[in-house]
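A.B. asks: According to the UniProt record's numbering, the sequence shown holds residues 1 to 136 in order. Think of the CB as a built atom: it goes at the ideal place given N, C-alpha and C, for glycine as much as any other residue. Remember, predicted model here, so these are calculated numbers, not experimental data. The structure's right below; bear with me while I get my questions together.
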Amino acid sequence: KITYSAEISENLNEMLGELFLPKDTPEAPKQGFLKTLFGGGTATLDREELFGESSGKASKGLAKHIPGSGNIQHLQQQASASGNEFSRTRLLVAERGEKIGELEDRSAQMMNSAEQFASAAHGMMLKYKDKKWYQF
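If you want it as structure tokens, here you go:
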């Protein structure tokens, strides 16, 4: 049995303590411009609203589209040059494949001749196995 005095039983709830300390919920942080821009926030931003004429003066660092001369002949020359490079590369790959095939054939031929030599050496060893050096 455990006995408590009247004072302890009155102060028992105060002595137990609390599991969590009560705190007020903090205020939600305000979202900045970059957070909404890169964070995928709910607000959708239009490029024209941000950088266009409606936003005021356009930034000097903003790229502008300047149409070039658009020389078709120059583009055709570049396309034919790249086509020539691709055909040359394809030819080199085919030649490399042929050389690798020739190397495979030669290595197979060397392997066969090595096996023939090994069998001939083994046969010679068996032939002269029981003979003494002076009986040759």
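Rounded to the nearest angstrom, what separates Glu7 and Leu16 at their Cα positions?
C.D. replies: Approximately 14 Å, taken between the alpha carbons.
A.B. asks: Are the C-beta atoms of Phe117 and some chain C residue less than 8 Å apart?
C.D. replies: You won't find chain C in this structure, because it holds only one protein chain.
A.B. asks: According to DSSP, simplified to helix, strand and coil, what is Ala114?
C.D. replies: Ala114: helix per DSSP, three-state reduction.
A.B. asks: Work out the CA separation of Asn84 and Ile100 for me, nearest whole Å.
C.D. replies: If I take the Cα positions, the gap works out to 24 Å.
A.B. asks: DSSP state of Phe20, grouped into three classes?
C.D. replies: Coil, per DSSP.
A.B. asks: Among the residues of its own chain, which have a CB less than 6 Å from the CB of Pro26, if the five just before and after it don't count?
C.D. replies: Nothing listed; no residue qualifies.
A.B. asks: Whole angstroms are fine: how far does the CA of Ser80 sit from the CA of Leu91?
C.D. replies: Answer to the nearest angstrom: the Cα atoms are 16 Å apart.
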